[in-house]
Each structure stands twice: as C-alpha cells, then as structure tokens.
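Below is one structure, written out as structure tokens, with a few remarks after it.
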Amino acid sequence: MKHYQDTETGAIYAFEDDVDPWALNNRNIPKTLSETIKPKPSDSHVWCQDGWINQEEAPPEYTPPVPSVPSYNPAWMAYLRPYTAVHRDQNSGLNISLDQINTNSYDGNKLAEVVTSLPLGTLSGIPALISYDGAIAIPQCGDFPTMADGVSKLNEILCSLLLGGVHAEVLHPDALVIGMLQDELRLFAYTSSLHTQLRLNWAAISDRLHPLGTPRVLMVTEIQAAYSQGQQVVNAIHNLSPFFLLNGYTAMGYRNSSDALNSLWIAVEQITEHLWTELYVKDKSSLSARVLSCHTQLKKRPGLDKVSSKHKLLRLSKIISRECQKTLSLARERRNDLAHRGVVPDLKIVEMLWKSLSDLLEKASKVQSLGMRKLSGGGESDRAIPAKSNFDEWRKLATKV
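For the sequence shown, the working numbering assigns the number 1 to the initial residue and increments by one for each residue that follows.
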C-alpha cells in the first residue's frame, strides 16, 4: 500500500502500490494529495496551513480545515415497514421468481433504484426520494443539519403517509439509516440492515424468501395521494407532533397498549388545544347561552384549563360529538390510571381512542375522509400457548446448570 496526505486537511489516503490516484479521475479523491507524509505528533496537534501545530498554539479564530471535495448527495433514510415494494405502475414490478430467490440470482441493485419523489417544502427545494424497496431519503443539508432533524422530518413523512391511509411505523433514532444517492439512480445505505443485505445479494435464503417473495406492494400514486392528504393535516394543525401519533399507532399494532395510550393521548391534548383555540375561543361570540353559562361556571373554579372541561365545552358547542367525548373521557381515566397507579390499559380502549382521533383530526384540519380511518392498527392477536406442552427436559436441564 502507498500512502498520500491531503495538504488541505492532513488526512491520510491509502492506495494499492500500482494505483495512481491522480489518474483515477474519481471525484471523491482530493486533488491536493501529496506523496510527502507529515506524521501527526500527538492527538493534541491539529492541521493548520500545511502542517501540524499544537492545539494550544492555534490562532484564536482557528477552525478545523474542511476538504475541498464535497460529500455528494448524503442522505438521512428510513425504510417503510413491513418490507415494501413500490411500483411505478401495474407493470413495473421486478417479478422476482421463487427460483431466483432460491438461487440468489435476482438483480439486487434494482431494489435500491429510485421510483418517485415527494415535495418537502424546504428552502433548498430538494425533495425526498423513495426507492423500489421502500427506502425514504431526505438530504443531509441545511434543512436537516442534525440526526435529530433527520429523524423528525422522516417521522413527519411517515406520519403523513399514515394519515393518508398507508400503514407506516415510527422511526426511532437508533434505526436511522445513513446513506447517499448513488450514480444518480439508486439509494445506497452505509448502515447495515436486511435491506442492504437483500440489495447486495448477501441475505440468507430464510431472510430473503418472505420480503422478496411476498412483499407489501404500494403504487407510487397511492403513496403520493396519501402523503398529500397527510401533509394537509400536518400543516393545518401546527402544534401536532407527528412522532406521538405515529408512535402511538405503531405501539398499538405491536399490542403495547401502555406506550400506545401515552403517545396517542399526547396527540389528543395537542389537537384539543387546537380545537379550543381555533374553533371555540375564536367563535365564542356565536356560542349558545347554555354553553356560555357552563363556561362561566367552570371559569369560577380552577377547572377551565383541564382537558376534561375543554372536552365538555367542545361537545356542548357541537365541535365534537357526544360519542367522541365519552371515548375521550374513558381514555383519559385509563391514562390517569396508568400514570398514577401503573394499571396497564386494555388494548380495546386504545383502539377506540384511535378511531376517535380520526374525528378530531378531521375537525381540526378541515380535511375530510382521512385515509387513516381504514387502518385499525390493532395488530395480530396474541399468540396462544400450545394446547398441550411438556417441560420435563427444561426442568431437568435447569437442575444441571
């Protein structure tokens, strides 16, 4: 191996002995490489003006040098779950056969190819990209400068799809994928996952059989329509946190009723505040005498700020229905039981609350017939234990270890 040093940053590059880095014409290789290597004396030294200096001797305005070679098309990414194949049209599927799956002879590169984009409405004007295998990528640029920003925006996209009727699951920071747009064609991921293994034809047959053989199929038009409707809701309710709605739905699907109720209740309180401010307070002059009387009574005692009081007045003013208020009241009681006494709520309460959230969101956003109404989110039933079992060997082993 032969080593070179970047005279701009001090970084070391290594190439095979018979490789001429200047002849590669690779845009990722700096043009400022030198065969003369200046070793770094210690970790306390920094690169400054073509050489190493002790950090204590650096000028007050010193900042670490930035290479002239940019990072091309870096991206924050997340995958649609469950494993999804996104088709441009009815005839654009890869149609991977069982024989190709068994012999691992399918074209993995095709899975990463970009099939559509989604507008982000940002200053840069750069849209999100979606690949055939359901990877969603947004640019690592000034619009989303940190990992937290990337996770937040990707969850907004996923929540928009959910609101529009496409099943989507929450992205937690540990699942954020680092990647890039490669060859103006496909989304490359540096972060290892089942998706990367399938793209590189590295997955075991047990891992590739289900996702490649029977993936969930979404059409581009379906994704775009769902995203458009979801964005209308997100943009209309400015205090709504997409993460909590998405996290609550995801937890409900995995039968984690405690996490689901906590997250969905946060969404309820956010939407309630929007309804209270935008539909109740601003239109207070048109309220009936009965509603105004109830409002005055609640205001006399410390209770008007309680969410239960707001729900009562929203129902009396016909902003929400009686059935919706009943569900919200029951969910609030169960959420308090969870918070104060650790009582795990029944999943049915969460599912009822999810249905009521559709009513609240439609009322708050003025967007009707939300696609999320067709998503129950209840998940699969609990796996029952075997009808008959024997643990003799288990007990026998336990006495030996």
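Every residue, glycine too, gets a C-beta built ideally from N, C-alpha and C.
Query                                                                                                                                                                     : Result
Which residues in the same chain as residue 35 place their Cβ atom closer than 7 Å to its Cβ, once the five residues preceding and following it in sequence are excluded? : 4
Using only the alpha-carbon positions, how far apart do residue 28 and residue 46 sit?                                                                                    : 23 Å
Examine the Cβ distances between the segment 131 to 138 and the segment 237 to 249 and report whether three or more of them are shorter than 8 Å.                         : no
Does the segment 248 to 267 touch the segment 104 to 122, meaning 3 or more C-beta pairs lie closer than 8 Å?                                                             : no
Is DSSP giving residue 188 helix, strand or coil here?                                                                                                                    : strand
Looking only at its own chain, which residues have a Cβ that is under 7 Å from the Cβ of residue 54, when we skip the five neighbours before and after it?                : 44, 45
Thinking C-alpha only, which one of 201, 362, 48, 264 is nearest residue 164?                                                                                             : 362
Counting beta carbon pairs with one atom in the segment 98 to 115 and one in the segment 182 to 197, are three or more of them shorter than 8 Å?                          : yes
Given residue 328, which residues of its chain have a CB within under 6 Å of its CB, disregarding the five upstream and five downstream residues?                         : 311
Quick one: what's residue 15 bridged to in DSSP?                                                                                                                          : 2
Measure the Cβ-Cβ separation of residue 194 and residue 86 and say whether it is below 8 Å.                                                                               : no
Quick check on the DSSP output: the beta strand (DSSP E) that includes residue 160 runs from which residue to which?                                                      : Element bounds for residue 160: not the beta strand (DSSP E) but the alpha helix (DSSP H), 147 to 163.
Please say whether residue 235 and residue 274 have beta carbons closer to each other than 8 Å?                                                                           : no
If we require 3 or more residues per run, which beta strand (DSSP E) segments fall completely within the segment 29 to 100?                                               : 45 to 47, 52 to 54, 74 to 79, 84 to 87
For residue 217, which residues does DSSP report across the bridge?                                                                                                       : 85
Would you kindly report the start and end of the unbroken beta strand (DSSP E) that includes residue 179?                                                                 : 177 to 182
Check whether the Cβ atoms of residue 78 and residue 220 sit closer than 8 Å, and answer yes or no.                                                                       : no
Within its chain, find whatever has a CB closer than 7 Å to the CB of residue 90; leave out the 5 residues flanking it on each side and keep chain order.                 : none
Once DSSP output is grouped into helix, strand and coil, what is the label at residue 122?                                                                                : coil
Would you call residue 385 buried or exposed, if buried means 16 or more other Cβ atoms sit within 10 Å of its Cβ?                                                        : exposed
Quick check: the Cα distance between residue 321 and residue 355, rounded to an integer number of angstroms?                                                              : 13 Å
So, residue 102 versus residue 205, is the Cβ gap smaller than 8 Å?                                                                                                       : yes
Closest to residue 172 by C-alpha separation, out of 68, 344, 242, 105, would be which residue?                                                                           : 242
Between the Cα of residue 332 and those of 265, 313, 192, 280, spot the shortest distance and give me the residue it belongs to.                                          : 265
Which whole-angstrom value describes the C-beta separation of residue 335 and residue 325, a residue pair presumed to lie in contact below a C-beta threshold of 8 Å?     : In fact, because the Cβ distance is near 15 Å, the residues do not count as touching under 8 Å.
Just checking my contact of residue 345 with residue 257 at CB under 8 Å: how many whole Å lie between their CB atoms?                                                    : 5 Å
Which whole-angstrom value describes the C-beta separation of residue 159 and residue 230, a residue pair presumed to lie in contact below a C-beta threshold of 8 Å?     : 7 Å
Please state the DSSP three-state secondary structure of residue 129.                                                                                                     : strand
My assumption, with CB atoms under 8 Å, is that residue 30 sits in contact with residue 64. Please give the rounded CB distance.                                          : Contact doesn't hold; Cβ gap of about 15 Å is too wide.
Alpha helix (DSSP H) containing residue 349: first to last residue?                                                                                                       : 347 to 365
Whole alpha helix (DSSP H) runs in the segment 255 to 312 with 4 or more residues, listed along the chain?                                                                : 257 to 275, 289 to 300
By the DSSP assignment, the alpha helix (DSSP H) with residue 242 in it spans what residues?                                                                              : 242 to 253
Need the endpoints of the alpha helix (DSSP H) that residue 331 sits in, please.                                                                                          : 322 to 341
Looking at residue 154 and residue 202, is the spacing between their C-beta atoms short of 8 Å?                                                                           : no
Short check: CB of residue 132 to CB of residue 211, under 8 Å?                                                                                                           : no
Given this structure, state the Cα-to-Cα distance separating residue 348 from residue 338, to the nearest angstrom.                                                       : 15 Å
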